[in-house]
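With my numbering applied, the sequence shown closes on residue 1167, and no number is skipped along the way.
All C-beta atoms, glycine included, are put in the ideal place defined by N, C-alpha and C.
Predicted model, so just to flag it, every value in this text is computed and none were measured.
Data first, discussion second: the structure below is written as structure tokens.
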Amino acid sequence: MSNASRHMATFLSVREVTGPGFAALVHPEWAIAFPWLIQGTTTRVSGNDHPFDLGLFAKGSEPRSARGRWQTLRRYVGADSVVHAQQVHGADVRVCDASSPAECVDGPHLVAACDGHATGTPGVVVAVTVADCVPVFLVDPGRRAVAAVHAGWRGVAAGILERGMQVLHASFGSRPEDLHVHLGPAICGACYEVGPEVFEALDQSVPAGPTPIDLRRVLGERAALTGVRPATITVSEHCTSCTDSELFSHRAGDGGRQAGYIGVRR
Ligand SMILES: [Zn+2]
């Protein structure tokens, strides 16, 4: 085990039911340390017969019903707009600033396809959708700049985490040592078995056959290598497969998606 992963603290994201029909897993320490921050990952809990599926591009709900749930998310977190995009397992991260169109307040503000978003505008929440992949949350508390990136193994290999950090630096001046990084609810290192080609793509020692990999460990190590202080890197204990967390899992055959969201309160 490397220094980076040994020092990574693990936090249990608590379920905070913020209203009927909406439940999210939030970072308990951030909720206390950064009261100006909006952050969480939605769960399947919806309070009715339909799970809280936010997938607009997956094989779950009708897009129209999913759009209604994005409105529910926006309302419960107190955002003016929620910014999202179709994700392509790439490494593009877009900045959403004060020019985010006001007409998007009633639904997800869809921007061009990308796998991450950054913002420093109060009231603007940025979101990625996941179902096994890692929602990565980046916070620069001093500058109140935040980002969320969608990190599956292809995105990690393409450098999505490092790109998110670069965009925060270019747009807000955030340095790696200023950042707090949370690796949110995702499939865990015991449940995520992948082929040798994935280990190879991620610069890990390559096993002979299918072997489990801990994508959040890999991400934490990459964050630390890039200069994030290990003490500010945290990992959710929730797994989309083996913990009782009410999360969608693509590998389990779910067509639905939860959203990892982050923003600055107005
Ligand atoms: Zn697991």
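- CA-CA distance, Thr1022 to Ala992, rounds to 22 angstroms.
- Judged by DSSP in its simplified three-state form, Ile1163 adopts strand.
- The criterion of a C-beta distance shorter than 9 angstroms is satisfied by Gln1159 and Ala1032.
- Rounded to the nearest whole angstrom, the C-alpha separation of Val1012 and His1018 is 10 angstroms.
- Within 10 angstroms of the beta-carbon of Ser966 lie fewer than 16 other beta-carbons, which makes it exposed.
- Secondary structure note for Ala986: its beta strand (DSSP E) is the uninterrupted segment Ser982 to Ala986.
- Three or more beta-carbon pairs separated by less than 8 angstroms link the stretch 1051-1069 to the stretch 1029-1043, which places the two stretches in contact.
- Annotation: Cys1089 to Glu1098 spans about 19 angstroms, alpha carbon to alpha carbon.
- Between the stretch 1128-1145 and the stretch 925-936, the count of Cβ pairs shorter than 8 angstroms is three or higher; the stretches touch.
- Shown here for Ile939: same chain residues with a beta carbon closer than 8 angstroms to its own, the five before and five after excluded, namely Val978, Gly979, Ala980, Val1026, Tyr1162, Ile1163, Gly1164, Val1165 and Arg1166 in chain order.
- In terms of Cβ geometry, Phe1073 and Arg1118 do not form a close pair [threshold 9 angstroms].
- A residue is called buried once 16 or more other Cβ atoms fall within 10 Å of its Cβ, and Glu1101, having fewer, is exposed.
- Closest option to Ala1059, judged by alpha-carbon separation, among Leu1120, Gly1110 and Cys1092: Leu1120.
- Environment of ligand 1, chain-ordered: Ile1088, Cys1089, Ala1091, Cys1092, Cys1140, Ser1142, Cys1143 and Thr1144, taking every residue with Cβ within less than 7 angstroms of a heavy atom.
- Straight across, the Cα-Cα distance linking Gly1156 with Val946 is about 15 angstroms.
- Its chain contains no residue whose beta carbon lies nearer than 6 angstroms to that of Arg976 once the 5 sequence neighbours on both sides are disregarded.
- Beyond the five residues adjoining it in sequence on each side, Ala1109 comes within less than 8 angstroms, by CB distance, of Pro1097 in the same chain, given in chain order.
- Comparing alpha carbon positions, the residue from Cys1092, Ala1014, His1070 and Leu926 closest to Ala1153 is Cys1092.
- The DSSP-derived three-state label of Ser1137 is strand.
- Ranking Asp1016, Leu1148 and Gly961 by CA distance to the CA of Arg1064 puts Asp1016 first.
- Assigned with DSSP and collapsed to three states, Asp1079 falls in helix.
- Bounds of the alpha helix (DSSP H) holding Val1057 are Trp1054 to Ala1059.
- Rounded to the nearest angstrom, the Cβ distance from Ala1087 to Thr1127 is 20 angstroms, too far for a contact under 8 angstroms.
- Thr1022 is bridged by DSSP to nothing; it lacks a bridge partner.
- Counted as a single uninterrupted DSSP element, the alpha helix (DSSP H) harbouring Gly969 occupies residues Pro964 to Val978.
- Pairing Trp971 with Arg1076, the inter-Cα distance amounts to about 32 angstroms.
- DSSP links Glu1101 through a beta bridge to no other residue.
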